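The numbers in our numbering rise by one with no breaks, and the one at position 30 of the sequence shown is 691.
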Amino acid sequence: MGFRIGILGAGNVGGTLGRVWAAKGHDVVFGKRGASNREAASSAQVVVLTVPWPAAEDAIRACGDLAGKIMIDCTNPLASDLSGLTVGPTTSAGEQVAAWAPGAKVVKAFNTIGAINFGNADFGGVAADGFYCGDDATSKGVVAGLIRDAGMNPVDVGPLRNARLLEPLAMLWIDLAVNQKQGSNHAFKLLRR
Numbered sequence: 662m663g664f665r666i667g668i669l670g671a672g673n674v675g676g677t678l679g680r681v682w683a684a685k686g687h688d689v690v691f692g693k694r695g696a697s698n699r700e701a702a703s704s705a706q707v708v709v710l711t712v713p714w715p716a717a718e719d720a721i722r723a724c725g726d727l728a729g730k731i732m733i734d735c736t737n738p739l740a741s742d743l744s745g746l747t748v749g750p751t752t753s754a755g756e757q758v759a760a761w762a763p764g765a766k767v768v769k770a771f772n773t774i775g776a777i778n779f780g781n782a783d784f785g786g787v788a789a790d791g792f793y794c795g796d797d798a799t800s801k802g803v804v805a806g807l808i809r810d811a812g813m814n815p816v817d818v819g820p821l822r823n824a825r826l827l828e829p830l831a832m833l834w835i836d837l838a839v840n841q842k843q844g845s846n847h848a849f850k851l852l853r854r
């Protein structure tokens with residue numbers, strides 16, 4: 662069964678996820694110029710926040726009431742020069758998103774790997790891990806399915822407060838890709854014995 666997904670932002674992350682999910686049978690609507698965030702979110706079961714961090718609060722507030730909806734927070738609170746995070750370590754962007762969207766069931770996901778890998782996350786026969794965290798088990802189950810649809814292995818890393826850990830992990834991915842000039846074709850894997 663496909664979900665109705667409203668994506669706030671249609672850049673690299675939002676655009677790529679939208680294409681991947683539409684190909685998997687989900688009904689995707691983008692909130693961007695020409696189609697408001699409120700329109701994208703109003704009938705959506707899942708609202709996906711993919712705008713740059715400085716635009717996140719306005720994008721959420723433009724949606725109106727999000728109570729009861731699953732909201733996937735894909736953001737990372739990056740400094741403009743990519744030198745670090747502007748939020749943390751005693752809170753996270755994910756927790757701030759939950760405060761801006763009271764009643765929404767916020768799940769942090771799709772923030773620790775580059776968008777180029779969504780739908781193409783196979784690394785030599787091993788699927789990249791898609792880490793996610795949140796406080797509502799049912800919502801996390803929906804997001805785990807959407808992570809699978811994007812070609813990754815879903816890994817539940819606990820409550821939403823653990824976004825405080827995922828956002829610095831994203832900073833490591835970004836540093837490797839940009840500052841150390843290793844490009845976008847890398848991902849993280851949790852190994853167990």
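Glycine included, every Cβ here is placed at the ideal spot set by N, Cα and C.
Computed from a predicted structure; not experimentally measured.
{"Query": "For residue 799, count neighbouring Cβ atoms within 10 angstroms of its own Cβ and tell me buried if that reaches 16, exposed if not.", "Result": "exposed"}
{"Query": "Quick one: residues in its chain with C-beta nearer than 6 angstroms to the C-beta of residue 670, no 5 flanking neighbours on either side, listed in chain order?", "Result": "711 and 712"}
{"Query": "For residue 719, is the classification buried or exposed, using 16 other Cβ atoms within 10 angstroms of its Cβ as the cut-off for buried?", "Result": "exposed"}
{"Query": "Just tell me which of 796, 782, 753 and 760 has its CA closest to the CA of residue 832.", "Result": "753"}
{"Query": "Give me, in chain order, the residues of the same chain whose beta-carbon lies closer than 6 angstroms to that of residue 721; leave out the 5 immediate sequence neighbours on both sides.", "Result": "761 and 762"}
{"Query": "Could you have a look at residue 821 and say whether DSSP puts it in helix, strand or coil?", "Result": "helix"}
{"Query": "Check each candidate in 742, 714 and 737 and name the one with the smallest Cα separation from residue 840.", "Result": "742"}
{"Query": "Suppose contacts are defined by Cβ-Cβ distances below 9 angstroms. Is residue 674 in contact with residue 724 by that definition?", "Result": "no"}
{"Query": "What residue range is occupied by the uninterrupted beta strand (DSSP E) comprising residue 754?", "Result": "Taken as a continuous stretch (DSSP letters only), residue 754 belongs to no beta strand (DSSP E), being part of the alpha helix (DSSP H) at 754-761."}
{"Query": "From the DSSP output, in three-state form, read off residue 675 for me.", "Result": "helix"}
{"Query": "Under a three-way DSSP split, which group does residue 768 fall into?", "Result": "strand"}
{"Query": "Which of the three DSSP states is assigned to residue 688 in this structure?", "Result": "strand"}
{"Query": "Write down every uninterrupted run of the alpha helix (DSSP H) in the stretch 701-727 whose length is 4 residues or greater and which is fully enclosed by it, in chain order.", "Result": "717-723"}
{"Query": "Under a three-way DSSP split, which group does residue 789 fall into?", "Result": "coil"}
{"Query": "Which two residues bound the contiguous beta strand (DSSP E) that contains residue 733?", "Result": "731-734"}
{"Query": "By how many angstroms is the C-alpha of residue 789 removed from the C-alpha of residue 842?", "Result": "20 angstroms"}
{"Query": "Where do the ends of the alpha helix (DSSP H) carrying residue 807 lie?", "Result": "798-810"}
{"Query": "Starting from the Cα of residue 791, find the closest Cα among 781, 801, 808 and 803 and give me that residue.", "Result": "808"}
{"Query": "Return the residue from the list 732, 697 and 828 that minimises the CA-CA distance to residue 764.", "Result": "732"}
{"Query": "Short of 7 angstroms in beta carbon distance, which residues of its chain neighbour residue 801, apart from the five on each side in sequence? Order them along the chain.", "Result": "768, 793, 795 and 817"}
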